[in-house]
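2 protein chains.
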Amino acid sequence: MTNNDLLARRERLLGTGTALFYDDPVQIVRGEGVWLYDETGRRYLDMYNNVPCVGHAHPHVVEAMQRQAETLNVHSRYLHEGILDYAERLTALHADPISTAIFTCTGTEANEVAIQMARAATGNRGIVASDSAYHGNSTEVAKLSRIGSREARGLAPEPEYESFPFPEQYRSLDDSASEQELLNLYLDGVRKAIAELQSRGVALAAMLVCPILANEGIPNIPTGFMAQATEIVHQAGGLVICDEVQAGFGRTGSWWGYETSDFEPDIVSMGKPMGNGMPVAGVVAPLNLVNAFRQKVRYFNTFAASPLQAAVGMAVIDVIEQEDLVQNAADIGAYMRDELRGMQEFCEPLAEVRGQGLFVGLEWVSDRHAKTADPQGADLIVNRLKEKGFLLSRAGILGNVVKIRPPLPFHREHADLFLSAFEETIRETDPSSP
Amino acid sequence: MTNNDLLARRERLLGTGTALFYDDPVQIVRGEGVWLYDETGRRYLDMYNNVPCVGHAHPHVVEAMQRQAETLNVHSRYLHEGILDYAERLTALHADPISTAIFTCTGTEANEVAIQMARAATGNRGIVASDSAYHGNSTEVAKLSRIGSREARGLAPEPEYESFPFPEQYRSLDDSASEQELLNLYLDGVRKAIAELQSRGVALAAMLVCPILANEGIPNIPTGFMAQATEIVHQAGGLVICDEVQAGFGRTGSWWGYETSDFEPDIVSMGKPMGNGMPVAGVVAPLNLVNAFRQKVRYFNTFAASPLQAAVGMAVIDVIEQEDLVQNAADIGAYMRDELRGMQEFCEPLAEVRGQGLFVGLEWVSDRHAKTADPQGADLIVNRLKEKGFLLSRAGILGNVVKIRPPLPFHREHADLFLSAFEETIRETDPSSP
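Protein chains in written order, with this note's numbering: chain A, 1 to 434; chain B, 435 to 868.
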């Protein structure tokens, strides 16, 4: 079926304006490792998908899924060893005293549980978050979406939610400030958000934060922000929920984004890469926090904590360990950033190259001095690269950050293919470049 | 590993008080068709699980899952024919003008979308529901849980939610009323709930209802209730959301519970049986309602509307059609109810046998005249039958309804095995029975 036929059917069957990538969308029919194939057999290098974290259609994961599906897949109100083995292995990958898991099917559901857990454990209701975050699509979790622009979008304030300016060094609160001064400015933002909640009688339950601020545009965060914000939150009686839905499972070159950003959260939510595409997500926390939640909320999730989730989740951890993918993310990510920084010399719009591990962000501007965000320019790059066989996307609150986030078995040879195509593209799109 | 070891690990790894069936829980390691097997190889007839609707580990479903998993599983921002084929086939199973689907991973997420859709389409916020319902575990959807007992449970009222007494004929609002009078009493309840919302300035967005009131205890609903309540809701400017998470996919002996209960909802949410255990759920509605939602809510669900969900969902529909499971549910359900009604003569606690298709409820009482609910008695039956190799559970707001809800390929021979074990059990537990 042609793309035009599919587009027309899609509008009719899934609704008008369903999210779709690229000016000229691509039909994908097969995936293998870091490669995706369209209906004509043309291959694309996948530079976007973090969900199939160990690579598309990884045979070890497919086999684990099949073996379990043909054996047993049922809810968790019977005893089953597999789900306990998985909970044990997953919590062991986290820092003490994290010991206990609650499984869900999506990252949204994991953040729902995390918020309900923090509220149950503290007895408080208030949540603070970055002003430009996204943590999920349920009615409650969506209250955290881009809180900073709620008013501009005609939305009423949410009395139990308050935001702070997300910490960044590039387009910062004060360009003349040192990193230490900037850190203090941003920490004041957290204090103010908590005080704002308290001033309307809402005590703090939690700060909910992505450890690498992925949706905000993966900025360079002033050193020490996460650890010191955690102290502030604890002093106010709240807990820190770390949303590892994007950062977790080796993406940043550490197992968890909170290791990369150097702090210790109380509750961790996880999702996307956890099942390599199978819906698996969840929350880990110390036993006492989980018990506070279990006691207050009679939580049950039909499809979650199933033998199938456990088998697939285990297989994903197997592959990450066996193929040394955490180290690979650190190495190849650093290599790509180095090479891309070299291109800043002759690529005026490429104002900043940043990120952690295999999550790279390219700040795209029309004027480096004025730091004018250029989402159209970033979009042009993304679409041109797609024509050349490289699938990327954009990130950031201004939509001007080119987002590079391939499956983890992305090696030096793949990076080199991309780097030459990228260099070719910037030379084509910027006539001023030599 | 012994059950005691598993129980101790479970408390530590999943938290204290995680939901578990039976006084002496059962470890399940394998499933096939309507049979489940424990770690010793002992088999149990599954009389509970509606999720593996076409039977545990059905080879056609397992094969479809494997084939798709080894080919491609990716999000929906690329074009893919499989997900459109599935949306087309699924919506075609529904009454006109339902034409369009939004996929999610769980029933909770489906009800989140349904509520957000009704609110987007009507511009109103108010939701009415049965006083004893359960529709999911997110913060917003959980506001619908047993609204009638919120006050007794020390919960504050939710200004956007109001409930009506669920319509039942057994323990009804007025035992001296005729069915027609009872119908009017219950319809007045719906009118009152809507008026209650309006009196506090909240206009009606939707009534959200399970077409067979499964969690309420699958009562005999006065004929015409759902259709006439739908009229009342429409007149008040609201939409009707039918929650088919439990009733759908042939369970009631029709494809949908709303066919069995004879009304036409505006929005339908689905879940549990949809992927035979793979997390697949979703909402179907007319295009204009989906578009109203898409326009207001930038909804995206990472794991949903995936080629894997589509392949598995398709395979489930294949099997339901090929094995004629809808008709089987109607036939075997009717046969079981007839036989069970015959046992009422010598089983005093068995006050009522009811249900639709392969969803059977047995009202268990300690005194038929006073209609005194006997949850302990029902629990004893359930636990005794488990010892004999039959897995059942309980339902109903009073916890006294024995719940029989096997996978759909449950045939005459399985029904007969159960019926003799059930008769044996009631004779053992009730010394007065001859």
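The beta carbon of each residue, even a glycine, is placed where N, CA and C say it ideally should be.
Fully enclosed alpha helix (DSSP H) runs of no fewer than 4 residues occupy 691 to 694 and 721 to 730 of the segment 669 to 743 of chain B, in order along the chain.
Residue environment for B/THR436: exposed (fewer than 16 other C-beta atoms within 10 angstroms of its C-beta).
Contact of A/ARG12 with chain B by beta-carbon distance below 8 angstroms involves SER533, THR534 and LEU721.
Of all alpha-carbon atoms in A/PHE303, A/ALA177, A/VAL360 and A/LYS386, the one lying nearest the alpha-carbon of B/THR542 is that of A/PHE303. Contact annotation for A/TYR299 against chain B: ASN571 [CB-CB distance below 7 angstroms, chain order]. The beta carbon of A/THR18 sits closer than 7 angstroms to those of ARG10, all from its chain and outside the five residues before and after it, given in chain order. Boundaries of the beta strand (DSSP E) harbouring A/SER366: 359 to 367, taken from the DSSP string. With its beta carbon less than 7 angstroms from one in chain B, A/ILE28 belongs to the interface. Within the segment 761 to 787 of chain B, no beta strand (DSSP E) run of at least 3 residues lies entirely inside it. Beta-bridge partners assigned by DSSP to B/GLU857: none are found. B/GLU466 carries a strand assignment under DSSP once its states are collapsed to helix, strand and coil.
Just so you know, the alpha carbons of A/ASP430 and B/THR538 end up roughly 42 angstroms apart. Using a CB distance below 8 angstroms, the part of the segment 306 to 327 of chain A facing chain B consists of SER306 and LEU308, ordered along the chain. For A/ARG67, the enclosing alpha helix (DSSP H) has its first and last residue at 59 to 69. For the segment 601 to 667 of chain B, the continuous beta strand (DSSP E) assignments of 3+ residues that do not extend past its boundaries occur at 638 to 643, in sequence order. In this structure, A/ALA120 and A/ALA351 do not form a Cβ contact; the two beta carbons are roughly 44 angstroms apart against a cut-off of 8 angstroms. Judged by DSSP in its simplified three-state form, A/ALA370 adopts coil rather than helix or strand. Residue-level contact check: B/VAL724 touches chain A, since one or more beta carbons of chain A fall below 7 angstroms from its beta carbon.
Two segments are said to touch when three or more pairs of C-beta atoms, one from each, lie closer than 8 angstroms; by this definition the segment 25 to 39 of chain A touches the segment 508 to 523 of chain B.
Spatial neighbours of B/ARG634 in its own chain (CB-CB distance under 8 angstroms, excluding positions within 5 residues in sequence) are listed in chain order as PRO593. In this structure, A/GLU32 sits away from A/ALA64, with a CB-CB distance that is not shorter than 7 angstroms.
Taking C-beta separations shorter than 6 angstroms and ignoring five residues to either side along the sequence, the partners of A/VAL284 in its chain run THR91, HIS94, ILE98, ALA101 and VAL268, following chain order. Taking the Cα of B/LYS626 as reference, the smallest distance to any Cα among B/ILE860, B/LEU479 and B/PRO599 is reached at B/PRO599.
At least one C-beta of chain B is nearer than 7 angstroms to the C-beta of A/ARG294. Nearest in C-alpha terms to B/GLU522, of all of A/LEU6, A/GLY123, A/VAL245 and A/VAL128, is A/LEU6. The Cβ neighbour count for A/PRO157, taken over all protein chains shown within 10 Å, is under 16; the residue is labelled exposed.
Looking at B/LEU518, B/LEU742, B/GLU574 and B/GLY684, the one whose alpha-carbon comes closest to that of B/VAL495 is B/LEU742. Contact of B/ASN507 with chain A by beta-carbon distance below 9 angstroms involves GLY31, VAL51, PRO52, HIS56, ALA57, ASN276, GLY277 and MET278.
Taken residue by residue, none of the segment 639 to 664 of chain B has a beta-carbon sitting less than 8 angstroms from a beta-carbon on chain A. Three or more Cβ pairs closer than 8 angstroms define a contact, and the segment 325 to 338 of chain A meets that threshold against the segment 354 to 368 of chain A. Contacts with chain A (Cβ-Cβ distance below 8 angstroms) from the segment 797 to 809 of chain B involve no residue at all.
In this structure, the straight-line span from the alpha carbon of B/SER606 to that of B/LEU616 is close to 8 angstroms. Rounded to the nearest whole angstrom, the CA to CA distance from A/PRO211 to A/VAL233 is 15 angstroms. At a cut-off of 7 angstroms between beta carbons, A/TYR335 makes no contact with chain B. Remark: three or more beta-carbon pairs, one from each stretch, lie closer than 8 angstroms, so the segment 124 to 134 of chain A and the segment 213 to 233 of chain A are flagged as touching. Counted as a single uninterrupted DSSP element, the alpha helix (DSSP H) harbouring B/ASP519 occupies residues 515 to 526.
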